[in-house]
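Accompanying notes for the structure given below.
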Amino acid sequence: MPAATLAGRPCTVSTGTATLCVFDPAVLRHKLDDDCDWWSMPSAELAAVNAGQAAFFNVGGDGAYALELHTEIAEPAASVHLAVVSGRIYIGAGEDVTGGGLEPDAACGGLFLDVPAGNYRVQARRDGACIRLALVPDARGVNAFSELVRI
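The sequence shown maps to residues 380 to 530 in my numbering.
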């Protein structure tokens with residue numbers, strides 16, 4: 380059961396990097412002056428995910444994906460802990476992550492979502508061209524992955 384209908388409109392995220400990201404722009408603001416593709420280096424992506432700064436989900440291919448938000452996902456393909464300090468998160472394509480002097484603006488897809496500040500477990504599952512996400516409050520805000528997250 381969807382927790383949010385995205386203001387009653389369908390939301391599509393298009394990616395040319397086969398990656399969906401979820402993050403609080405305030406948490407990644409320190410990356411603003413880094414290269415725009417800083418996260419495309421596996422070690423940098425993994426470090427940001429393990430620090431709880433961003434949830435990067437490798438979706439297996441470029442293209443457009445329908446996005447659904449749920450209260451919880453019974454059988455997620457992945458769960459990533461995420462710290463939210465500002466109460467606002469961005470959900471969009473990996474190429475929209477903060478860097479190269481730019482922050483996400485949702486002009487090319489993706490969306491901003493207001494949530495209470497705190498730690499979350501971002502559950503994710505991909506069914507074909509549909510990506511289902513759930514943001515579940517959690518005490519933990521960091522991860523210990525040894526490999527990139529794929530759904």
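Just so it is clear, CB atoms sit at the ideal spot from N, CA and C, and this is done for glycine as well.
In this text, all values refer to a predicted model and were calculated from it rather than measured experimentally.
Host beta strand (DSSP E) of E447 (start-end): 442-449
Coil, strand or helix - L514 by DSSP: strand
Pairwise C-alpha distance: A433 and H460: 9 angstroms
Cβ-based neighbour list, A457, same chain, cut-off 6 angstroms, excluding 5 preceding and 5 following: A503, V528, I530
Euclidean distance between Cα positions of A472 and L399: 5 angstroms
Best match in F436, R408, T394 for proximity to P512 [C-alpha to C-alpha]: Contrary to the premise, residue 512 reads as Leu rather than Pro in this sequence. Answer by Cα proximity: F436.
Nearest-angstrom beta carbon gap, L425 and E482 [assumed within contact, 8 angstroms]: E482 to L425, Cβ: 22 angstroms. No contact.
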